[in-house]
Amino acid sequence: MKSARGVIDEKDIQDRLAALADELHTSGDLRSEVWREVFARTWRHTFVPRFYVQDDPQDWRAPWRVIDGAQPDDRAEWLDGVYRNETLITALRNQPVPEELGGGTVQVITSSSTLPGLMVSMLDTLDVQDDHQVLEIGTGYNAALLAGRVGEGNVTSVDIEPALVDAARRRLAVHGFHPYLRAHNGERGVPERAPFDRIIATCGVPRVPYACAANQTPRDHPGQSLGPAHVRDAGGAAEDHR
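Per numbering that gives the first Met the number 0, residue 0 is the first one in the sequence shown, and the count goes up by one each step.
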């Protein structure tokens with residue numbers, strides 16, 4: 000199949016996905032058979048066209064190099080990285096260094112693709128059902144997994160960065176998904192799409208924002224809000240998420 004990354008060997012991708020699914024099942028991150036089926040048919044490389052690595056992570060000033068799937072010489076390393084259970088750094092920016100530390104600039108991380116094991120564990124903990132309306136704060140690969148589970152019409156995905164929303168829209172379309180996407184501060188909720196049965200944040204959130212909680216519906220079971228650190232039910236109870 001021809002894609003923006005060149006010719007993709009679909010059999011190789013399916014084998015890589017199956018192997019990663021087996022690894023995550025063994026580790027206990029991928030517990031649900033339903034989510035395992037969704038995970039095994041959802042390409043991650045579509046959403047990570049390139050990533051950055053530091054050859055000496057112990058040196059905070061060490062330069063980063065890009066691994067770009069569009070470059071033939073990078074292709075094998077790119078696919079190996081994308082289909083490992085690793086967080087991938089996807090965006091950097093230059094930041095000035097104080098003169099007392101030597102001056103100049105250093106590249107700092109501004110965006111990443113979440114560790115697949117953490118992502119599927121969060122989704123499993125979210126306990127979505129077939130007819131659930133789901134709000135995702137932060138968009139991309141996770142939106143594809145959600146659309147594959149509950150259907151594109153039940154997924155609302157927002158991100159504060161318009162460029163990330165535009166990129167997610169293009170990449171989701173590769174999978175045939177067209178969920179509701181919007182460049183928007185998710186802490187304000189999305190009232191025009193509410194109520195939601197489940198809310199998941201794939202960005203760091205110190206607490207469940209009130210506007211999001213107000214967008215939830217109790218239905219016959221409490222709605223849940225899930226971020227990288229905690230799960231909260233509609234009554235405010237919280238538990239550590241590992």
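Glycine included, each C-beta is placed from N, C-alpha and C at the ideal position.
Does DSSP classify residue i as helix, strand or coil?
i	result
V33	helix
V105	strand
E186	helix
P194	coil
With residue i as the anchor, note down where its alpha helix (DSSP H) starts and where it stops.
i	result
I12	9 to 26
V133	Segment 133 to 136 is the beta strand (DSSP E) holding V133; no alpha helix (DSSP H) there.
D168	In the sequence as displayed, the identity of residue 168 is Arg instead of Asp. Its alpha helix (DSSP H) spans residues 161 to 173.
A142	140 to 149
Any idea which residues DSSP pairs residue i with across the strands?
i	result
Y179	T155
At what residues does the beta strand (DSSP E) containing residue i begin and finish?
i	result
R197	197 to 200
From the options, pick the residue whose C-alpha is nearest to that of residue i; which is it?
i	options	result
I88	V107, E98, D28	V107
V149	A75, A172, E98, H131	H131
T138	D129, D79, V105, N184	N184
E85	T104, H44, D123, N93	H44
P95	P161, H174, R60	R60
A146	R64, I159, D129, E76	D129
L144	D79, V81, G27, R35	R35
V157	V133, A172, G175	V133
Which full runs of the alpha helix (DSSP H) of 4+ residues lie inside the region 43 to 130, going along the chain? 74 to 81, 115 to 125
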